[in-house]
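Number of protein chains: 2
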Amino acid sequence: MARRSARGQRTPLSRDRILREAVALADAEGIESLTMRGLAGQLQVEAMSLYNHVDTKDDLLDGMVEYIASEIEEPDAAADWKTAVRRRAISAHDVLVRHPWSSIQWATRMNVGPTRMRYMDAMLRELREAGFSPGVLDVAFHTLQNHIVGHALQAAAFPYEEEDLPEMSARYLESFPADDYPDLAAHIRYHREAPGGEVSSFEFGLDAILDALERARGPV
Amino acid sequence: MARRSARGQRTPLSRDRILREAVALADAEGIESLTMRGLAGQLQVEAMSLYNHVDTKDDLLDGMVEYIASEIEEPDAAADWKTAVRRRAISAHDVLVRHPWSSIQWATRMNVGPTRMRYMDAMLRELREAGFSPGVLDVAFHTLQNHIVGHALQAAAFPYEEEDLPEMSARYLESFPADDYPDLAAHIRYHREAPGGEVSSFEFGLDAILDALERARGPV
DNA sequence: AAGGTGCGCTTACGCTGTAAGCTTACAGTG
DNA sequence: CACTGTAAGCTTACAGCGTAAGCGCACCTT
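Protein chains in written order, with numbering that gives the first Met the number 0: chain A, 0 to 219; chain B, 0 to 219.
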């Protein structure tokens, strides 16, 4: 069953090959249908073989988050703090949205690996070097992080194809009990009609947070 | 097997009784060990009987989130927007922290029921009546919501008993590679030593956001 | 007394993660 | 070249999961 070349030797499995395939599979089919057997099948291997490179399924999932975390880009070191933080935040958000399953895992799994640690450490460093006092730094970090992950989480909730989305959300709004929840209805309508859609909604909020932080620098 | 009184009639099951028990069980044992069989066992009933009141396990989980959402308190209608929003946010955060499994479900499940809709609608109304322009209102709502759920998510990550926590986190910090991630280490230390601990860290950030919003009211 | 029906029970199925033990292919050594 | 240790695959098996299908009891209505 194992895949072999013409001469009979098999392409060796490896943690990295497993993680890459797992990420691809989760991207394509959704993480809830990612099973050890299914993943092994894609790799032309039996399920138990995966356990030579991965401790448990949890370990696999941790590895997947680490894998996509490494796609987050490092901003130019010469940039001022606001630009650097902004770029890093946008890149992180991009990655999380690109892998719709990842934001939930990011928010949920507490086994943070070295790649995520590097990411957090770098963002904290940029904020510290910007001159924030410890208290403000803490708020800044969590507010930014919550914005990034929270927004990606929202985006992942609408995994529809780009094309169907307008029609779909229109139909949803039609059946929505707008009389019972008038402000919520307005909110949904706003997101439907907001110029530029979801992406710029993220950046708009991000800039609002960054501006507020800049004003709060020093005191508080 | 079904529980009966002395005269032989059984205490009837009901959706509400099921949800109440499911919430209690998830609170006590963690949601990952909540199974249909286990839940049924607690209710002295067979697993399949639950399906007379609940469509699927997903429906059960949705119901559980709705159940705890109803514990969020309505602030005094006479209060000014900042006080009202603050109170609602704190109450919501309290509820999510009180049920450690709920923040993940809240962030994850997209099937929002009437109770959660009422909650969102009320918060949006308070912000609108405060005079925010649509754009700022949107940022305000999401930033607040992300702060509430994001913070509860973090808190749920440390499900240790209050007593063990200091010793536990001290040991964690000892083995933490502080040389590789100096700013992350400082961040962890800050959370360990911050006056008042996690709760006030939430309120501190909340107030920072509310103050920033107040300043942003009108323009942007 | 009769019959309907709501609701709990029994059984069974396919799927999951993974423990235990085997077998094969290759590298290193004589 | 043969021998052997080991890494990494395969096979089998198991307990636990959600839930579909159908049965039968206890009650309510007439």
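We treat Cβ as the ideally placed atom computed from N, Cα and C, and that holds for glycine.
All values reported here derive from a predicted model rather than from experimental measurement.
Residues of chain A with CB closer than 7 angstroms to the CB of B/Met-109, please, in chain order. Ala-156
For B/Val-84, return the contacting residues in chain A, with the cut-off set at a CB-CB distance below 7 angstroms. Per Cβ cutoff of 7 angstroms: no residues; B/Val-84 is ~13 angstroms from chain A at best.
Below 8 angstroms on C-beta distance, what does B/Met-167 contact in chain A? Under the 8 angstroms cutoff, chain A gives no residues; its nearest Cβ is about 13 angstroms from B/Met-167.
State yes or no: is the beta carbon of B/Asp-120 nearer than 8 angstroms to at least one beta carbon in chain A? yes
With a CB to CB cut of under 7 angstroms and the five nearest residues on each side skipped, what residues in its chain are close to B/Ala-106? Val-148 and Leu-152
Can you list the residues of chain A that B/His-98 reaches, using a CB-CB cut of under 9 angstroms? The contacting residues do not exist; B/His-98 stays about 15 angstroms from chain A at best.
Rounded to a whole number of angstroms, what is the C-alpha to C-alpha distance between B/Ala-155 and A/Glu-20? 31 angstroms
A/Glu-128: first and last residue of the uninterrupted alpha helix (DSSP H) it sits in: 113-128
Exposed or buried, which one is A/Arg-127 when buried takes at least 16 other CB atoms within 10 Å? buried
Does the beta-carbon of A/Gly-204 have 16 or more other beta-carbons within 10 angstroms, so that it is buried, or is it exposed? buried
Just mark B/Pro-74 as buried or exposed, buried being the case when its beta carbon has 16 or more other beta carbons within 10 Å. buried
Chain-ordered neighbours of B/Arg-124 on chain A, where CB pairs are closer than 7 angstroms: Asp-182
For A/Met-63, which of A/Ala-46, A/Val-138 and A/Val-94 has the nearest alpha-carbon? A/Val-94
What are the boundary residues of the alpha helix (DSSP H) that includes A/Met-63? 56-68
Residue range of the unbroken alpha helix (DSSP H) whose run includes B/Trp-80: 80-97
Chain A partners of B/Asp-137, CB-CB under 9 angstroms? His-186, Tyr-189, His-190, Ala-193, Ser-200, Phe-203 and Gly-204
Counting C-beta neighbours from all protein chains within 10 Å, is the total for B/Tyr-171 16 or more, i.e. buried, or is it exposed? exposed
Let's see if you can read the secondary structure: which residues bound the alpha helix (DSSP H) around B/Glu-28? 14-28
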